[in-house]
Amino acid sequence: MRHVQRIGLGYNNVYLIPGQAGAVLIDAGPDFQGAGEAISEAIGPARPRTVIATHGHLDHAGLARWWQERGAEVGLGRGDEHFASTPHFADETEFAVFGRYVREIGTPEAVVPEVRHGLAQRRHWARAAASEPGGYGQPLRDGRWPTQLRYRHFVPDQILGDGDAIAGTPLKVIACPGHTPGNLVLMDEREGWLFSGDQLLPEMTPTPGVQRSAGAVAGHDWRFRSLPRFLESMNRLAAFKFSYCWPGHGEPFANVAEVIGENIAQIEQRTGRLKQLLDERGRANVYELCEATYPRALKRRFWQIVATVQGHMDILEERDEVLQVAGGYERIR
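Residue 1107 in the numbering used here is what sits at position 237 of the sequence shown, and the numbering runs on without skipping anything.
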């Protein structure tokens, strides 16, 4: 398998690969207005028989149902079924749990209404993106895609797990939970190629998420520990000898081991800084740690900053270096 067709859809890459049982498309692509026409023109008559979404986010799986309507079978990693089946926060229990979490991390009462309003906006947007024929809107300010994205939900034809082979190709699934519970990458074992989705990108480390676990939406285990699993997956990939990486965003690159190492080092460095900060304070909650590390960004990027700090605290907690106590965390000496 030496031929890969890279197709750019706004900010995303998707990859068409020939196979003995028909072409395979890695990532369904984002569903912005005109995306279907754009990918049809790029591919021509060589329609894929199989589409593999590296994870369930709308910019990677948004066109999944569109492909199913054209006869392709869509595969998704085990653990991401909830992304495919329902809009974000459609479950009232899930919405309430996220609302409680805002207070549990120590967010000041004066800030809580604004954050909860943001949650309500996210739910409204997710519902609009899932509507028929809604979702499309004005061009986004960041220019990543021509219009707002739509996400028509779908039932995957295949649920993929670690080690699964993609029929008719040398591609094999490597489960890499972290970015999402069911995140996966694909490896071409003959060429040593990595199709990384959002697991490995050329110029950034993906932000961990505050997200629900694959099953529960309430109770003690409602929150998926994103960053510890992401780091485990990155360390696992470090053991492979990849010759080339085809990422979900940005330019393909050959220095795969170097980029993996940089990602791991960056995570460990930030974890160390937060451990030192907690050493200095003795005890602190997530919001206080966010204020101390990202004071100017916290207001405008609340969930990104909170997810980052929470992720590093999750790593330290799993390493038995911090203890979660009422009102925050304290160091274990």
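Cβ coordinates follow ideal geometry from the N, Cα and C atoms, glycine included.
{"Item": "Using CA atoms only, rank isn't needed, just tell me which of H994, L1030, P1165, R1099 is closest to H958.", "Value": "H994"}
{"Item": "By Cβ distance, which residues of its chain are closer than 7 Å to P1016, with the 5 residues on each side in sequence left out?", "Value": "G880, F902, Q903, G904, P1009"}
{"Item": "How far does the beta strand (DSSP E) with K1145 in it reach, from first residue to last?", "Value": "Element bounds for K1145: not the beta strand (DSSP E) but the alpha helix (DSSP H), 1126-1151."}
{"Item": "Which whole-angstrom value is the C-beta distance of L1041 and C1115, which I expect to be below 8 Å?", "Value": "L1041 to C1115, Cβ: 14 Å. No contact."}
{"Item": "Tell me whether C1160 sits in a helix, a strand or coil according to DSSP, three-state version.", "Value": "helix"}
{"Item": "With a 10 Å radius around its C-beta and 16 neighbouring C-beta atoms as the bar for buried, classify D1068 as buried or exposed.", "Value": "buried"}
{"Item": "In angstroms with no decimal places, state the Cα-to-Cα distance between A1035 and V1043.", "Value": "6 Å"}
{"Item": "Pick helix, strand or coil for I877, following the three-state DSSP scheme.", "Value": "strand"}
{"Item": "Using CA coordinates, which residue listed in Y1006, A954, L1019, G976 is at the minimum distance from Q1028?", "Value": "A954"}
{"Item": "How big is the Cα-Cα spacing for E939 and V1126?", "Value": "36 Å"}
{"Item": "Could you tell me whether the stretch 1137-1157 touches the stretch 969-986, using the rule of 3 or more Cβ pairs below 8 Å?", "Value": "yes"}
{"Item": "Write down every uninterrupted run of the beta strand (DSSP E) in the stretch 1053-1089 whose length is 3 residues or greater and which is fully enclosed by it, in chain order.", "Value": "1054-1058, 1063-1067"}
{"Item": "Short check: CB of G906 to CB of Y1021, under 8 Å?", "Value": "no"}
{"Item": "Excluding sequence positions up to five away, which residues of its chain have a Cβ less than 6 Å from the Cβ of G1038?", "Value": "G889, Q890, A891"}
{"Item": "For H925, count neighbouring C-beta atoms within 10 Å of its own C-beta (all shown protein chains included) and say buried if the count is 16 or more, exposed if not.", "Value": "buried"}
{"Item": "Around the C-beta of G1181, are 16 or more other C-beta atoms found within 10 angstroms, so that it is buried, or is it exposed?", "Value": "buried"}
{"Item": "Buried or exposed: H930, going by 16 or more other Cβ atoms within 10 Å of its Cβ?", "Value": "buried"}
{"Item": "On the CB-based measure, 16 or more other CB atoms within 10 Å of its CB, does S1103 come out buried or exposed?", "Value": "buried"}
{"Item": "So what's F1110 in DSSP terms, helix, strand or just coil?", "Value": "coil"}
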